[in-house]
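> Have a look at this one.
4 protein chains.
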Amino acid sequence: MKKIGVLTSGGDSPGMNAAFRAIVRTAHGLDIDVLAIRHGYKGLINDDISKVTSNDVSNIIQRGGTVLKSARCDEFREPEGRAEAAKVLEKHGIEALVTIGGDGTFQGAALLAKEHDINVIGVPATIDNDLVGSDETIGYDTALNTAMEAIDKIRDTADAHDRLFLVEVMGRDAGFIALETGIAGGAELILLPESLTDIDEVKSSLNKVLSEQRRSSLVVIAEGDETGGAMKISEALKPDFSKYEMRVCILGHVQRGGNPTARDRVLASRLGSAAVTVLKEGHSQVMVGVVNNKIKLTPLKMTFGKKKDINFDLVELAKMLR
Amino acid sequence: MKKIGVLTSGGDSPGMNAAFRAIVRTAHGLDIDVLAIRHGYKGLINDDISKVTSNDVSNIIQRGGTVLKSARCDEFREPEGRAEAAKVLEKHGIEALVTIGGDGTFQGAALLAKEHDINVIGVPATIDNDLVGSDETIGYDTALNTAMEAIDKIRDTADAHDRLFLVEVMGRDAGFIALETGIAGGAELILLPESLTDIDEVKSSLNKVLSEQRRSSLVVIAEGDETGGAMKISEALKPDFSKYEMRVCILGHVQRGGNPTARDRVLASRLGSAAVTVLKEGHSQVMVGVVNNKIKLTPLKMTFGKKKDINFDLVELAKMLR
Amino acid sequence: MKKIGVLTSGGDSPGMNAAFRAIVRTAHGLDIDVLAIRHGYKGLINDDISKVTSNDVSNIIQRGGTVLKSARCDEFREPEGRAEAAKVLEKHGIEALVTIGGDGTFQGAALLAKEHDINVIGVPATIDNDLVGSDETIGYDTALNTAMEAIDKIRDTADAHDRLFLVEVMGRDAGFIALETGIAGGAELILLPESLTDIDEVKSSLNKVLSEQRRSSLVVIAEGDETGGAMKISEALKPDFSKYEMRVCILGHVQRGGNPTARDRVLASRLGSAAVTVLKEGHSQVMVGVVNNKIKLTPLKMTFGKKKDINFDLVELAKMLR
Amino acid sequence: MKKIGVLTSGGDSPGMNAAFRAIVRTAHGLDIDVLAIRHGYKGLINDDISKVTSNDVSNIIQRGGTVLKSARCDEFREPEGRAEAAKVLEKHGIEALVTIGGDGTFQGAALLAKEHDINVIGVPATIDNDLVGSDETIGYDTALNTAMEAIDKIRDTADAHDRLFLVEVMGRDAGFIALETGIAGGAELILLPESLTDIDEVKSSLNKVLSEQRRSSLVVIAEGDETGGAMKISEALKPDFSKYEMRVCILGHVQRGGNPTARDRVLASRLGSAAVTVLKEGHSQVMVGVVNNKIKLTPLKMTFGKKKDINFDLVELAKMLR
């Protein structure tokens, strides 16, 4: 193997740059050239491609976002688009493609591999942590800490006023961020898509907490909760909790950005480096992950469309600490 | 003077605890006792009052929110409520009242002083910076930095995707936070209540910026902008900017919390300490402020209902740096 | 079981308060009273003990340090001291003792248990991560991030000046902090107590890096490195690297403090809660840990005097990413 | 004026990039070309110069350090070096030079201007805040907050153990950083180069504080204190304070780095922009500063070799809050 390409695709997540750096440095150590493909699959089709040196990836390990840029690409969802992409790869002599992203990214990569016999490796990077095959995904730990720090600030003002705050966090269909930031933020209640939310139970739990002298109260709600999120919950609670000043905070896109944490940088470095070494060993159409602190490979097609379980022990823990 | 009371009222802001600490320590240095009144004017009427020692205020200088708690108090808006409050002050032998808060707080304090001949001092603390008589109010600098750090994170993801982000920041009727975080965050456009927003001008400015190769773009919008805020602007832009992925972020209550910055801690320490020394010197019904780096007194009644000017040089600067 | 005691001992670490909170809340959920012992074993001997409610541990999950305070205690190293401690425990009717700390703490706890037939549980909390029986200890992740953020700042100035920086991080005899912050901080070289440092190899590695156009350079050194730390390395390098401005930074005690990260808060909550539930189930003289994301018990006596291995895959990774 | 050059020199400080960005954007708005001179005066002599566009300075406002790089340059201290520099400026057609830095930088600029009739403007950027002509210098506010946050962390562990900590902060010959971080960090004692340190007074102050139930204690020491700094103070205190665990922390180079605060970004933007507009208006050999919130010009030769006063009201304040 002499030449590989690398791209980031889908929602960006902190640590993508650390993964890119590890891919480049590891490849160069193995005498493999790296071509950077900018703007994801769109850039691949549009031939937005250039060679990178080890120095080009200096001083990016600490930066959020993705220097490779990301983009949506409807064309790549069609066979014609992927055929175009395959031609561009061939033109550049790219023997394998490392894709950094989430399930949509891997789905595209798997189709490209199947239709055009191209070697692809997936590096799991999404703040939502919703990919099977890795205990954690790149960006998840940073998003947790960003959301938790926001909750810490909100608690300052909640405590000052003895208020009830409803905080909505990201996570798409999954409750990973909500569950762990809820515990870390000391939330009185956590509403997850993985368990049905009974609004009467919510009310009685809140009443219990509020009556027990603890005057401020914080509920963390996953954006994917089947109730529809914090605004809906707020409306449902309003009639019975009118004596409390209730406030809704939707944390939003701040959760995607920020300098990656140590954990995310180390994870991204491990996975980026492993992506190259397993390619070199002949693997393809797999995602690299870390399971129980060891590198593990999972067939790409097993990583999308599958639901990763949250840790229900933590759900029980949250109830005990309320 | 042998005994004073202190309370925080209205919206909390980072640095209130530093001000409280400075009041207590300075008073003790002058052999004055301090009674802490919890939950603002409500706690005053309800006699939620206790003596504090210098050690009680150890290790709070760095904490956001207010350990004295704050609360709304409709009763205090009525003469009967204030009469009740005056009785409680008399009962405790409190000779003067230091109130930490914003214009609503000072309006109440002025009425109490006038109706019941009580010495009151105002310490300006609000993240909105909308009080005449002090170059800055306690909490403003922290809110600026909190909002700016959020914008930094949002820019990470905006850059990754070449997106258009509309970020709404706090400030009530004033544009101070929007103006300075807009400059500090490198916003392409800043919309303020102090200047009329012409949506066509907004569109042409954005088009100019977006066409000049800079692919991501950030607009900072004051919540008090007369257009109605970020959601309204988003709707107005949608038809013409459909090719960009537009995202709205309303930063919300995180801007009230967080550990105070160095500037806010020093300002709060100065103002809290000055509140006691000017009381001792016989002043009353004044707000202590810092103007051009010197302590300045302003009659309480001059501080509310008045509009503080933003620095229009900064508005021009923002346009030049776009 | 009706009544337990809890203390923190040894060096403090971020997350100790989160563990204390989890112990109290879980115990109360199981109808067990909790007595807080302040100032570690010293406070136990001196009977510095009081009952805590669930509200007492509100709003401490986010705070660094330990509200229970810690202290050295030479008396407790003697059988007489421990006999005194046992009497105090008996006097209060404390049926079991939860100790939060490191190997010194657990050694003391094990002796107390053995000599006076007292139930004890260990909760591993040390920034050094040097305890077998848990993948990570409470405080380690926070210390990693604190050290890494310091390195990020140092790199700003290193890059500005093309300088060579030697950064010494904590970790006692272990290289965990150095290894992971070195990778996360993008260090050119990492010196660990777990591997012999050959100063000639250090020189040639640095020469290679510095000659390859990368003009600034950062070496992370564990305080326990057998060379004696950053100052010694600096002296050894000085003759050959006089053309570079070399700077030494010893990060020091900042690494012990700070608000715990999400990871540390969740870990501390899990371990604190587990400490109570395993006591209730009849376990004693064990440390609770998390191994491969599951709670695991390890006999206390296996936790001290033993060397925990660093991950040598990460050592190799660091070399590849240089 | 058609073409200007810009460089950063001396110790780097956070906000230098924001100033560079403002210079470029303002110049382009006035149809002036900007040449970036890398590595300070060394790069000027070595002709390390290239043109910059407005897009080149996108996304740098938030970054610490200096993308223009800085360097020591002994050659420039000699007339021959400056003659060389003048030739390079002439070769490029650079009509004026904007220098971002501290007193050494301005001293060099003044000599260059005088000897070779070149227009120069100084933009004050140093964390030490030791330049007359501006209330604050670029980088000072960030350094304050960095040092204060370190002190907050140290206080966590100081409180946990009831320890005595001696913290040394930067500032060269000036006590600005020590004074304000001492107040903001709640230090019990602050030792400044601007006032003689009487070690017996230090001892009696500490004894007073330590005996008054406040068990932990923090002393902030300016590196320029005439006693020689924290290590020397530690040695002097050791005999009398042996019963306390005394610890020394020298914060070091972390204080130079980090993302600039809002205040520093706004200040840098104002000063960078003003540098260009005053050049355009025909000014030269001046430093731009902000005094009482207004742009003020000071002859370059008045800015070096002069001692800027600290605010002695703050020294008194610190004593009162102890």
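Residue numbers (UniProt numbering), protein chains in the order written: chain D, 1 to 322; chain H, 1 to 322; chain Z, 1 to 322; chain A, 1 to 322.
Beta carbons: idealized from backbone N, C-alpha and C, even for Gly.
Just to confirm before moving on: does the CB-CB distance between D:Ala318 and D:Ile190 stay below 8 Å?
yes
> Mapping DSSP to helix, strand and coil, what is D:Glu90?
helix
> Could you spell out where the beta strand (DSSP E) holding D:Gly133 opens and where it closes?
Element bounds for D:Gly133: n/a, residue is neither H nor E.
> DSSP puts H:Pro124 in a beta bridge; with which residues?
H:Gly101
> Under 8 Å between C-beta atoms, does A:Asn207 make it to chain H?
no
> Give me the Cβ distance between H:Ile4 and H:Ile32, rounded to the nearest whole Å; I'm assuming they're in contact under 8 Å.
6 Å
> Applying a beta-carbon distance threshold of less than 7 Å, which residues of chain Z neighbour A:Arg247?
His253
> What span of residues does the alpha helix (DSSP H) with Z:Phe312 cover, start to end?
Phe312 to Leu321
> Please state the DSSP three-state secondary structure of H:Glu115.
helix
> Going by alpha carbons, who is nearest to residue 326 of chain A out of A:Leu196, A:Asp162 and A:Cys249?
As shown, chain A starts at 1 and ends at 322. That puts residue 326 of chain A outside it, with no answer to give.
> For chain A, is any of its Cβ atoms less than 8 Å away from the one on Z:Arg77?
Taking Cβ atoms only, chain A never reaches closer than 8 Å to Z:Arg77, which makes this a no.
> Go to Z:Thr26, then tell me how far its alpha helix (DSSP H) extends in each direction, as first and last residue.
Met16 to Gly29
> At the 8 Å Cβ level, is H:Asp225 part of the contact set with chain D, yes or no?
no
> Assuming D:Val288 contacts D:Leu271 under a Cβ cut-off of 8 Å, what Cβ separation, rounded to an integer in Å, is found between them?
5 Å
> So the beta strand (DSSP E) H:Met287 belongs to, where does it begin and stop?
Val286 to Val291
> By the criterion of Cβ-Cβ separation under 7 Å, what are the contact partners of D:Ala160 in chain H?
The answer, in chain order, is Asp12, Gly65, Thr66, Lys69 and Ser70.
> If we define contact as Cβ-Cβ less than 8 Å, is A:Lys3 a contact residue for chain E?
Checking the listed chains, one finds no chain E in this structure; the protein chains it contains are D, H, Z and A.
> Please report how far the alpha carbon of Z:Ala150 lies from the alpha carbon of D:Glu84, in whole angstroms.
So the two alpha carbons sit approximately 46 Å from each other.
> Who are the Cβ neighbours of A:Arg263 in its own chain at under 6 Å, not counting the five residues just before and after it?
Asp141
> Which whole runs of the alpha helix (DSSP H) in the segment 234-315 of chain H are 4 residues long or more, in chain order?
262-280
> Output the distance between the C-alpha atoms of A:Gln62 and A:Ile121, rounded to the nearest integer angstrom.
Inter-residue distance for A:Gln62 and A:Ile121 is about 24 Å (C-alpha atoms, whole angstroms).
> Can you tell me whether D:Asp103 is buried or exposed? The criterion is at least 16 other CB atoms within 10 Å of its CB, across all chains shown.
buried
> With 8 Å set as the bound, which would you pick, yes or no: does the beta-carbon of Z:Ala268 sit closer than that to a beta-carbon of chain A?
So no, Z:Ala268 is outside the interface.
> To the nearest angstrom, how far is it from the Cα of A:Ile199 to the Cα of A:Gly175?
18 Å
> With a threshold of 16 other CB atoms inside 10 Å of the CB of A:Thr53, please say whether the residue is buried or exposed.
exposed
> Cβ closer than 9 Å: which chain Z residues qualify as neighbours of D:Ala275?
By Cβ distance, chain Z contributes nothing, its closest Cβ being about 12 Å from D:Ala275, past 9 Å.
> Under three-state DSSP, which class holds H:Ile37?
Collapsing the DSSP output to three states places H:Ile37 in a strand.
> In the DSSP output, which residue or residues are listed as bridge partners for D:Ser50?
D:Ala36
> Ignore the nearest five residues each way along the sequence and tell me which others in H:Val276's own chain have a CB closer than 6 Å to its CB.
Exclusion of the five residues before and after H:Val276 leaves Ile23, Thr26 and Ala27 as the residues of its chain whose Cβ lies within less than 6 Å of its Cβ.
> I believe D:Lys69 touches H:Ala160 by the beta-carbon criterion, under 8 Å. Please report the beta-carbon distance rounded to the nearest angstrom.
Your pair D:Lys69 and H:Ala160 checks out as a contact, with CB atoms roughly 6 Å apart and the cut at 8 Å.
> Mapping DSSP to helix, strand and coil, what is D:Lys3?
strand
> For H:Met302 and chain A, any beta-carbon pair shorter than 8 Å?
no
> Within the continuous beta strand (DSSP E) that includes H:Leu68, where are the two ends?
Unbroken run through H:Leu68: none, as it is neither H nor E.
> By Cβ distance below 8 Å, which residues in the same chain neighbour H:Glu188 in space, the five residues on each side in sequence not counted?
Ser205, Leu206, Val209, Arg214, Ser217, Leu218, Val219 and Arg322
> Answer with yes or no whether the minimum CB distance from A:Arg265 to chain Z is below 8 Å.
no
> For D:Ser234 versus D:Val248, is the C-beta spacing smaller than 8 Å?
yes
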